[in-house]
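Protein chains in written order, with this note's numbering: chain A, 580 to 660; chain B, 4 to 237.
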């Protein structure tokens with residue numbers, strides 16, 4: 580069994596008010612020096628069988644059609660063993 | 004004979020009953036449709052009502068968009084059947100790529116619930132023909148993921164083709180329901196597809212169809228009478 584991680588982030592040009600709210604809270608909590616925060620989603624997929632090119636292609640398709648909305652989000656796929 | 008207008012219920016839908024009622028008040032027959040059933044029961048038009056289908060998990064509308072009923076709705080919408088998405092229904096239509104853009108968390112991060120002033124920008128759709136261009140209406144608005152977002156090219160295209168159906172009206176104080184409540188780009192509250200049969204909007208016309216409840220006005224009724232006239236004259 581292998582784990583494939585799909586990270587989904589809002590595209591850079593899309594306003595992220597949740598990330599901004601986190602960033603603004605940091606100094607108040609004593610965490611200085613963070614100029615920007617952007618919040619995203621992480622999906623951990625446990626894959627049955629080998630993670631070969633075909634399996635990765637399926638996962639990319641899954642990410643593109645479902646896990647991410649590519650109108651507003653970018654995604655990246657990486658294999659963890 | 005009157006028209007049959009279907010209203011879809013997903014798990015987590017809230018406004019299906021009010022939408023059915025609005026359809027009946029307008030004079031059409033309301034036909035309940037179930038998310039797991041591909042059968043559209045020979046309806047002439049479909050309303051996707053508001054709520055929190057599938058708990059808004061993943062993204063609002065993202066899971067509903069793949070439900071069996073939506074396969075038929077998408078197919079029929081592409082063939083020209085009138086489809087109206089209200090609030091969560093609008094989110095489903097963008098996730099299904101029947102309408103461009105996407106809805107994101109309100110800029111102020113608050114759930115907004117108020118009577119909202121809208122300007123009708125386009126009457127060249129199946130759902131807005133009964134209004135006059137530039138008409139101001141007031142209907143309830145209630146959402147947290149209502150910030151309409153699209154890239155500049157898409158926004159320019161929507162404006163150039165007259166596909167902005169409703170805009171949040173300015174010209175008065177916020178306490179009277181004026182202004183952009185959620186940070187939507189270019190104050191867009193609702194849009195249409197190029198053919199004019201698919202319309203989505205965030206505010207809730209189905210809650211403003213009888214003088215006794217809601218805003219005390221019937222400003223939302225025009226969407227339902229518009230489509231009924233089109234269907235009956237067809």
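Note that CB positions come from ideal geometry on N, CA and C, so glycine has one too.
Can you tell me whether residue i is helix, strand or coil according to DSSP?
i                      : result
residue 163 of chain B : helix
residue 183 of chain B : coil
residue 35 of chain B  : strand
residue 601 of chain A : helix
residue 122 of chain B : strand
residue 175 of chain B : coil
residue 69 of chain B  : helix
residue 169 of chain B : strand
residue 12 of chain B  : strand
residue 60 of chain B  : coil
residue 81 of chain B  : helix
residue 75 of chain B  : helix
residue 619 of chain A : strand
residue 190 of chain B : helix
residue 646 of chain A : helix
residue 612 of chain A : coil
residue 96 of chain B  : helix
residue 108 of chain B : coil
residue 624 of chain A : strand
residue 135 of chain B : coil
residue 195 of chain B : strand
Just to confirm the assignment, what range does the beta strand (DSSP E) spanning residue i have?
i                      : result
residue 51 of chain B  : 48 to 51
residue 43 of chain B  : Residue 43 of chain B -> no beta strand (DSSP E), and no H or E assigned at all.
residue 143 of chain B : 139 to 146
residue 102 of chain B : That residue, residue 102 of chain B, is in no beta strand (DSSP E); it is neither H nor E in DSSP.
residue 203 of chain B : 201 to 204
residue 88 of chain B  : 86 to 89
residue 659 of chain A : 652 to 659
residue 220 of chain B : Neither: residue 220 of chain B is in no beta strand (DSSP E) and is coded neither H nor E.
residue 150 of chain B : 150 to 152
Hey, out of the options, whose CA is closest to residue i's CA?
i                      : options                       : result
residue 118 of chain B : B:145, B:85, B:168 and B:24   : B:145
residue 586 of chain A : A:611, A:660, A:622 and A:608 : A:622
residue 599 of chain A : A:606, A:645, A:612 and A:617 : A:617
residue 196 of chain B : B:174, B:77 and B:71          : B:77
residue 121 of chain B : B:36, B:79, B:56 and B:179    : B:179
residue 199 of chain B : B:64, B:125, B:32 and B:44    : B:125
residue 101 of chain B : B:116, B:154 and B:85         : B:85
residue 34 of chain B  : B:72, B:10, B:231 and B:236   : B:10
residue 52 of chain B  : B:129, B:38 and B:62          : B:38
residue 7 of chain B   : B:222, B:31 and B:160         : B:31
residue 172 of chain B : B:161, B:28 and B:186         : B:186
residue 204 of chain B : B:210, B:191 and B:211        : B:191
residue 12 of chain B  : B:219, B:57 and B:217         : B:57
residue 169 of chain B : B:152, B:153, B:176 and B:193 : B:193
residue 151 of chain B : B:136, B:140, B:167 and B:15  : B:167
residue 227 of chain B : B:63, B:89 and B:59           : B:89
residue 232 of chain B : B:222, B:47, B:105 and B:40   : B:47
residue 137 of chain B : B:206, B:218, B:165 and B:219 : B:165
residue 230 of chain B : B:158, B:134 and B:69         : B:134
residue 107 of chain B : B:67, B:81 and B:153          : B:153
Output the boundary residues of the alpha helix (DSSP H) element that contains residue i.
i                      : result
residue 20 of chain B  : 19 to 29
residue 590 of chain A : It is not in any alpha helix (DSSP H) - residue 590 of chain A carries neither H nor E in the DSSP assignment.
residue 225 of chain B : 224 to 236
residue 6 of chain B   : Note, residue 6 of chain B: premise wrong, no alpha helix (DSSP H); not H, not E.
residue 637 of chain A : 632 to 641
To which residues of the same chain is residue i closer than 7 angstroms at the C-beta, ignoring the five residues directly before and after it?
i                      : result
residue 625 of chain A : 580 and 582
residue 639 of chain A : 656
residue 595 of chain A : 589, 617 and 618
Excluding the five sequence neighbours on either side, which residues of its own chain have a C-beta within less than 8 angstroms of the C-beta of residue i, listed in chain order?
i                      : result
residue 114 of chain B : 145, 146 and 147
residue 43 of chain B  : 9, 36, 49, 72, 75, 76 and 79
residue 615 of chain A : 598 and 602
Between which residues of its own chain and residue i is the CB-CB distance below 6 angstroms, once the five residues before and five after are set aside?
i                      : result
residue 19 of chain B  : 10, 12 and 52
residue 175 of chain B : 181
residue 97 of chain B  : 104 and 105
Nearer than 6 angstroms: is that true of the beta carbon of residue i relative to any heavy atom of the ligand COA?
i                      : result
residue 228 of chain B : Inclusion of the ligand COA in the displayed structure is not the case, the ligand content being empty and no account of it being possible.
Exercise for the section: Give, in chain order, every residue of the segment 97 to 127 of chain B whose Cβ lies closer than 8 angstroms to some Cβ of chain D. Expected result: The structure shown contains no chain D; its protein chains are A and B.
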